[in-house]
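**Student:**
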Amino acid sequence: MKSTRDIASASPLRANRSLASRLALPLVLLGLIALGLGAGCTRREVTTESQRHPIERVVLISIDTLRADFVGCYDDSVTWTPSLDALAAESVVFTDAMAQAPTTTPSHKSILYSVYPHVHQTFAWSVPEESIESPIEALRQQGLRTAAFVGGGQLGRNHGFRRGFDDFWQNEHGGDRAEKRHIVPLEAAATAWLDEHHAKPFFLFLHTYQTHCPYVPPEPYREAHTAWYAGALDARDSCGKDFESRDLDEPDTRYVRSLYAAEVAYVDAYIGRLVARLKELGIYDETMIVFLSDHGEALGEGDRYGHGRFSEWELRVPLIAKIPGVEPRRIDAPVELLDVMPTVYSAVDAEPPFTFQGHDLFPAMGEPATVDRDRVRVAEKRAFAAIRRGPWRLVHHLNGGTKHSGLFHVEADPDGLDDRSADHPDIVEALLDEYTAVREKSAPLATQFVLDGDDRPMLDETTRHQLEVLGYIR
Ligand SMILES: [Zn+2]
0 MKSTRDIASA SPLRANRSLA SRLALPLVLL GLIALGLGAG CTRREVTTES
50 QRHPIERVVL ISIDTLRADF VGCYDDSVTW TPSLDALAAE SVVFTDAMAQ
100 APTTTPSHKS ILYSVYPHVH QTFAWSVPEE SIESPIEALR QQGLRTAAFV
150 GGGQLGRNHG FRRGFDDFWQ NEHGGDRAEK RHIVPLEAAA TAWLDEHHAK
200 PFFLFLHTYQ THCPYVPPEP YREAHTAWYA GALDARDSCG KDFESRDLDE
250 PDTRYVRSLY AAEVAYVDAY IGRLVARLKE LGIYDETMIV FLSDHGEALG
300 EGDRYGHGRF SEWELRVPLI AKIPGVEPRR IDAPVELLDV MPTVYSAVDA
350 EPPFTFQGHD LFPAMGEPAT VDRDRVRVAE KRAFAAIRRG PWRLVHHLNG
400 GTKHSGLFHV EADPDGLDDR SADHPDIVEA LLDEYTAVRE KSAPLATQFV
450 LDGDDRPMLD ETTRHQLEVL GYIR
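Everything in the sequence shown is counted per numbering that gives the first Met the number 0, starting at 0 for the first residue and increasing by one.
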């Protein structure tokens with residue numbers, strides 16, 4: 000791969016703030032509650048080594064459309080993710096992580112920029128002009144070589160995700176409906192890059208649509224998960240609404256879920272190979288690995304399939320972080336994908352830009368841990384916002400409409416079908432006030448992303464075909 004800069008000439012990583020000092024942050028805010036460690040976890044002081052050096056290698060893995068409860072460390076009944084579970088056993092597992100959008104483009108933009116969708120305004124069919132420096136660019140200036148290997152489609156050059164990366168690769172294969180193998184070219188390209196660049200600091204972003212519809216897992220995963228099915232459903236060309244328009248019976252639904260599980264198992268095997276490669280290269284122990292998904296997927300709950308709405312299945316995502324010097328544990332405090340980049344910045348000792356709206360998660364991993372259990376979280380689409388606090392989620396139509404809006408209890412009603420707003424007008428009002436406050440705080444950032452109404456992504460033929468395969472264009 001052609002290099003666009005000489006990493007050896009870059010300024011060295013700054014070490015002006017120690018990791019230990021951030022981990023030892025005192026309780027400073029009202030409402031912060033000390034967090035207990037999960038059973039079986041042992042406390043350990045941050046190592047002397049990590050006090051001296053910020054982290055120099057970061058791998059951020061986004062598995063598109065992977066709902067949390069299809070990963071073993073989030074659900075004991077899952078048996079098909081041994082590699083991810085092994086990684087999780089060495090990581091901090093955030094059990095209540097929420098995406099900022101139920102779709103790919105805005106969610107990933109929020110992950111990489113740590114701003115809400117109403118700020119970045121980057122959606123599937125709109126890509127604004129940005130005056131802000133890409134947070135990836137700042138990592139590059141910090142001395143990390145920045146590289147991205149992504150699935151293309153809604154997450155590629157056409158949607159502005161090229162910015163700040165020294166090396167950028169996107170899947171140019173349109174996809175094959177007969178058997179999906181997005182992992183194969185990703186793995187080849189990313190492994191070659193790692194082999195060449197592992198010796199120096201880097202930020203590596205990996206993304207795949209392998210678990211996105213249509214669910215056409217390769218063998219032997221398909222056979223292993225679906226051999227029991229005797230029905231007639233052909234799912235190879237299907238995405239969310241295609242399933243909803245058919246009259247699926249219980250075995251059909253279970254079949255769809257099994258196909259999806261097979262895709263997850265196939266991805267899990269790749270994670271195993273990636274971890275093995277990092278170990279072979281001798282950098283696994285010192286590498287921070289963040290594993291997440293941009294959103295989940297409805298798989299028959301409430302007769303819904305796919306993603307794009309605000310059910311718990313679509314917004315709750317896995318978030319797993321293996322961080323050198325940080326003891327594995329489970330943290331059940333509410334966090335958001337907005338928090339990922341501030342935490343990465345903290346780990347590599349980069350100064351966060353004023354634009355970051357997420358939280359550095361190191362205090363939540365510290366001793367004593369500081370978390371805000373009453374935290375307000377927000378997910379958005381163009382015309383809707385979902386405001387979450389505690390067990391309640393308010394889905395609010397920004398243009399005053401009522402369709403799809405309502406107040407939902409996410410524990411009693413994860414599908415989001417039972418509107419309780421008439422019973423709890425006080426909660427509705429409080430959550431709307433919270434959202435108004437979030438928008439007011441965002442106001443100074445609005446000028447950083449300018450949408451003039453005609454900022455549509457240019458689609459080349461490959462991207463158009465990918466979007467067809469992924470169900471975005473019919
Ligand atoms: Zn996605």
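Note that the Cβ used here is the ideal one computed from N, Cα and C, for glycine as well.
These numbers come from a predicted model, not from an experiment.
1) Under 9 Å between the Cβ atoms of I319 and F290?
2) Please determine whether the Cβ atom of Q169 lies at a distance below 8 Å from any heavy atom of ligand 1.
3) Taking 8 Å as the cut-off, is the C-beta of S106 nearer than that to any heavy atom in ligand 1?
4) Rounded to the nearest angstrom, what separates D75 and L336 at their Cα positions?
5) Are the beta-carbon atoms belonging to A96 and V334 less than 9 Å from one another?
6) Can you tell me which residues form a DSSP beta bridge with R374?
7) At which residue ranges does the region 114 to 201 contain complete alpha helix (DSSP H) runs of 4 or more residues, listed in the order of the chain?
8) D95 lies in the alpha helix (DSSP H); which residues open and close that run?
9) I'd like to check one pair, E433 with V394: are the Cβ atoms closer than 9 Å?
10) Run the CB neighbour count on K278, radius 10 Å, all protein chains shown included, and call it buried at 16 or more, exposed below.
11) Here's the rule I'm using: 16 or more other beta-carbon atoms within 10 Å means buried, otherwise exposed. How should E262 be labelled?
12) Which word fits T103, buried or exposed, when buried means at least 16 other C-beta atoms lie within 10 angstroms of its C-beta?
13) Decide yes or no for the touch test of the region 84 to 98 against the region 283 to 299: beta carbon pairs closer than 8 Å, at least 3 of them.
14) Check whether the Cβ of Q209 sits closer than 8 Å to any heavy atom of ligand 1, and report yes or no.
15) Over the uninterrupted beta strand (DSSP E) stretch that includes P510, give me the two end residues.
16) What would DSSP say about V289, mapped onto helix, strand or coil?
17) CB-CB under 6 Å to E311, same chain, minus the five flanking residues each way: which ones, in chain order?
18) Rounded to whole angstroms, what is the Cα-Cα separation between I386 and V370?
19) Leaving out five residues on either side along the sequence, give the residues of the same chain with a beta carbon under 6 Å from the beta carbon of R272.
20) Sorted by chain position, which residues of the same chain lie with C-beta nearer than 7 Å to F164's C-beta, five sequence neighbours on each side aside?
21) Once you ignore the five residues that flank T121 on each side, which residues in its own chain have a CB closer than 8 Å to its CB?
22) Following a CB-centred definition, is Q153 positioned closer than 8 Å to any heavy atom of ligand 1?
23) Whose CA, out of H119, V343, A445, H196, lies closest to the CA of Q141?
24) Just to confirm the assignment, what range does the alpha helix (DSSP H) spanning K440 have?
25) Looking at C-beta atoms only, is the number of pairs between the region 55 to 62 and the region 203 to 213 that lie closer than 8 Å three or more?
26) For the alpha helix (DSSP H) that contains L83, what are its first and last residues?
27) So, for D359: in the same chain, excluding its five sequence neighbours on each side, which residues have a beta-carbon less than 8 Å away from its beta-carbon?
28) Could you tell me the alpha carbon to alpha carbon distance between Y228 and Y269, rounded to whole angstroms?
29) Closest to G299 by CA distance: which of K179, E249, K440 is it?
30) Going by alpha carbons, who is nearest to H119 out of S441, T225, H196, R372?
31) Cα separation between A123 and I282?
32) Mind checking whether the beta-carbon of H306 lies closer than 8 Å to any heavy atom of ligand 1?
33) Measuring alpha carbon to alpha carbon, tell me which residue in A411, V91, L416, F383 is nearest G400.
34) Cα separation between A33 and R276?
35) Give the secondary structure of L360 by DSSP, where H, G and I count as helix, E and B as strand, and everything else as coil.
**Tutor:** If we stick to the structure as given:
1) By 1-based counting over the sequence shown, the position of residue 319 is 320. By 1-based counting over the sequence shown, the position of residue 290 is 291. The answer is yes: Cβ separation under 9 Å.
2) Against the sequence shown, residue 169 aligns to sequence position 170. For ligand 1, not one heavy atom lies less than 8 Å from the Cβ of Q169.
3) To locate residue 106, count along the sequence shown from 1; it is residue 107. Result yes, Cβ under 8 Å from ligand 1.
4) Residue mapping note: residue 75 aligns to position 76 of the sequence shown, counting from 1. Residue mapping note: residue 336 aligns to position 337 of the sequence shown, counting from 1. Using only the alpha carbons, I get a separation of about 24 Å.
5) Here residue 96 is taken as the residue at index 97 of the sequence shown, counted from 1. Here residue 334 is taken as the residue at index 335 of the sequence shown, counted from 1. In this structure, V334 lies closer than 9 Å to A96 by Cβ.
6) Taking the first residue of the sequence shown as 1, we reach residue 374 at position 375. Per DSSP, none; premise fails for R374.
7) 116 to 119, 134 to 140, 182 to 196
8) Mapped onto the sequence shown, residue 95 falls at position 96. Looking at the DSSP string, D95 is not in any alpha helix (DSSP H); the run it does join, the beta strand (DSSP E), is 91 to 97.
9) Along the sequence shown, one-based indexing puts residue 394 at 395. Along the sequence shown, one-based indexing puts residue 433 at 434. Result no, Cβ atoms of V394 and E433 do not sit closer than 9 Å.
10) In the sequence shown, counting from the first residue as 1, residue 278 sits at position 279. Exposed: under 16 other Cβ atoms inside 10 Å.
11) As a first step, residue 262 is located in the sequence shown; it is residue number 263 there, counting from the start. Classification for E262: buried.
12) In the sequence shown, the residue the question calls residue 103 occupies position 104. Result: buried.
13) yes
14) As a first step, residue 209 must be located in the sequence shown, where it is residue number 210. Checking every heavy atom of ligand 1 against the Cβ of Q209, none is found closer than 8 Å.
15) Absent from the model: residue 510. The displayed extent of the chain is 0 to 473, so no value can be given.
16) For the purposes of this step, residue 289 is identified with residue 290 of the sequence shown, where counting begins at 1. If DSSP states are grouped into helix, strand and coil, V289 belongs with the strands.
17) Translated into positions along the sequence shown, residue 311 becomes position 312. Correct list, in chain order: V409, P413.
18) On the sequence shown, residue 386 is found 387 positions in, with the first residue counted as 1. On the sequence shown, residue 370 is found 371 positions in, with the first residue counted as 1. Near 19 Å, if we compare the C-alpha coordinates of V370 and I386.
19) Taking the first residue of the sequence shown as position 1, residue 272 is located at position 273. Nothing meets the Cβ criterion.
20) Taking the first residue of the sequence shown as 1, we reach residue 164 at position 165. Within the same chain, F164 has close Cβ partners I135, T145, A146, A147.
21) Position 122 of the sequence shown, counted from the start, is the residue given in the question as residue 121. Once the five neighbours on either side are set aside, the close Cβ partners of T121 are T104, P105, K108, P127, H158, G159, F448.
22) Here residue 153 refers to the residue found at position 154 when the sequence shown is read from its first residue. Yes, the beta carbon of Q153 sits closer than 8 Å to at least one heavy atom of ligand 1.
23) Position 142 of the sequence shown, counted from the start, is the residue given in the question as residue 141. Of H119, V343, A445, H196, the residue nearest in Cα terms is V343.
24) Against the sequence shown, residue 440 aligns to sequence position 441. Unbroken alpha helix (DSSP H) run through K440: 424 to 441.
25) yes
26) The residue you call residue 83 lines up with position 84 of the sequence shown. Taken as a continuous stretch (DSSP letters only), the alpha helix (DSSP H) holding L83 covers 81 to 87.
27) Position 360 of the sequence shown, counted from the first residue, corresponds to residue 359. Once the five neighbours on either side are set aside, the close Cβ partners of D359 are R21, D338, P341, T342, Y344, S345, P351.
28) One-based indexing of the sequence shown puts residue 228 at position 229. One-based indexing of the sequence shown puts residue 269 at position 270. Approximately 26 Å between the Cα atoms of the pair.
29) Locating residue 299 in the sequence shown gives position 300, where the first residue counts as 1. For G299, the nearest C-alpha among the options comes from E249.
30) The count along the sequence shown starts at 1 and reaches residue 119 at position 120. Closest option to H119, Cα to Cα, is S441.
31) One-based indexing of the sequence shown puts residue 123 at position 124. One-based indexing of the sequence shown puts residue 282 at position 283. If I take the Cα positions, the gap works out to 36 Å.
32) Taking the first residue of the sequence shown as position 1, residue 306 is located at position 307. It does: the Cβ of H306 is within 8 Å (strictly closer) of some heavy atom of ligand 1.
33) Residue mapping note: residue 400 aligns to position 401 of the sequence shown, counting from 1. That would be F383, whose Cα lies nearest to the Cα of G400.
34) Position 34 of the sequence shown holds residue 33. Position 277 of the sequence shown holds residue 276. Since pLDDT at A33 reaches only 35, below the 50 mark, its modelled position is unreliable, and no value is offered.
35) Residue mapping note: residue 360 aligns to position 361 of the sequence shown, counting from 1. Coil, per DSSP.
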